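What follows is a short report on a single structure.
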Amino acid sequence: MKNYYHRNKNPLRILIPILIISIIINVVLIVGVLLQRQNQNTTSVVNNESVSEQGPLPTETPTTPPATATPAPTKEPVYTATIAFTGDLMVHRYQYEAAYDAKTGKYDFSNNFTKVRKYFSKADYVVGNLETTLGGKERGIQDFPRFNSPDSFASTLKDAGFDFLSTANNHCVDQGTTALCRTIDILDKLNFDHAGTYQSKKENKNIFITDINGISVAFLSCTYGTNGLPFDNDYNVQLLNESFYKKIKKARKQADFVIALPHNGTEYAQKPAEIYQNQYRKMLECGADAV
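Okay, here's the thing in structure tokens:
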């Protein structure tokens, strides 16, 4: 027992187990640390793979207002108009004798247009050539060769549906310049549109343009002559000359549609002679749309 006691008291026998236990603990700690790091790396790899599978994380982009849609092109409106044209409007003896009412002393021409009213009513604008004068009853009612018609004839034209009267023709000064000017006054009083004869230089220079269903239409009137009868001023009657062609060019710049109304040609001829055809072509070349 004494020898055994001395062996247990040997310092080495006590230190060795302590060292072994210490080494084991250190190994365990080192292994734990390594495992923890490995787990962290694995988690990082898994997270990275998850991100890769899901795609890159969304990034905030600046918001821009939605693009404004380009408006569809609007179609240009289409305007249409129907214009009716008649021939010469004049009163011969048999007409005013039939229209005269002895009881009232007045002239009634209303039945003269009974059968054509239906055609006028279908048009948007009605045009005629007033080939007479309204010089007043004091001059006396007259027919060919120097016309002077009752004022009621103009009233009848208005009731029949006429809108515009061309007044430049070979009979426009049958009763002189005073009657020419009075004729214009009567037409103005009845609210007729008209062109061809004028009371002033300013009126002559103006281009008559009216609106028909949204279309600006210019009307220009002229005559080859006045049967040799004089008139006081050059501006009273628009003759067929260079000034008329210049008017057409001017109208072309101002209106959508230009209509030239020349009073000329060979009476009762079915086809205009070459000289007149050349004049009409020149009007078209100057800008007229219709002659």
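With our numbering applied, the sequence shown corresponds to residues 12 to 302, in that order.
Cβ atoms here follow ideal geometry from the backbone N, Cα and C, with glycine treated the same way.
Remember, it's a predicted structure, so these values are computed and weren't measured experimentally.
Rounded to the nearest angstrom, how far is the Cβ of residue i from that of residue j, given a contact under 8 angstroms?
i	j	result
A171	F124	4 angstroms
T144	T221	Incorrect: roughly 24 angstroms between the Cβ atoms, too far for contact.
V228	F268	5 angstroms
C233	H274	7 angstroms
F255	L191	Not really, about 18 angstroms apart at Cβ, beyond 8 angstroms.
D99	A110	Rounded, the Cβ-Cβ distance is 17 angstroms, inconsistent with contact.
T178	G207	4 angstroms
Y136	I223	5 angstroms
L201	S166	6 angstroms
Give me the DSSP bridge partner(s) of residue i.
i	result
F219	F230
Q153	N159
I94	Y136
D204	F175
H274	T234
A301	I270
L100	L141
Can you tell me whether residue i is buried or exposed, with buried defined as 16 or more other CB within 10 angstroms of its CB?
i	result
V102	buried
F175	buried
F155	exposed
N238	exposed
S132	exposed
N289	exposed
R292	exposed
E149	exposed
E285	exposed
Y279	exposed
N215	buried
A262	buried
So which of the options has the shortest CA-CA distance to residue i?
i	options	result
T91	V138, F158, I226	I226
V138	Q153, H205, V184	H205
N122	D154, F155, L168	L168
D300	K257, L141, F230	F230
A266	K293, M294, Y111, F219	F219
Y246	N217, Y279, I270	N217
F203	D112, A284, N140	N140
V211	Q249, G236, Y136	At residue 211 the sequence reads Ser, which differs from the Val that was named. S211 has its Cα closest to that of Q249, out of Q249, G236, Y136.
I94	R128, A134, E278	A134
N252	P88, R150, Y287, T79	Y287
L295	K264, I259, D185	I259
D196	G146, N215, Q153	G146
R104	Q186, I152, Y235, A284	I152
D199	Q186, R157, D162	D162
D185	K213, A271, G236	G236
G9	Q281, E278, A271, T81	Because the chain is modelled from 12 through 302, residue 9 falls outside the range shown and cannot be assessed.
L240	R157, K117, K86	R157
Quick one: complete alpha helix (DSSP H) runs, 4+ long, within the segment 231-269? Runs of the alpha helix (DSSP H) lying entirely within the segment 231-269 and spanning at least 4 residues, in chain order: 253-263.
Jot down the residue ranges of each uninterrupted alpha helix (DSSP H) in the segment 107-151, minimum 4 residues, whole runs only, in chain order. Given a length threshold of 4 residues, each whole run of the alpha helix (DSSP H) inside the segment 107-151 is given here in chain order: 128-132.
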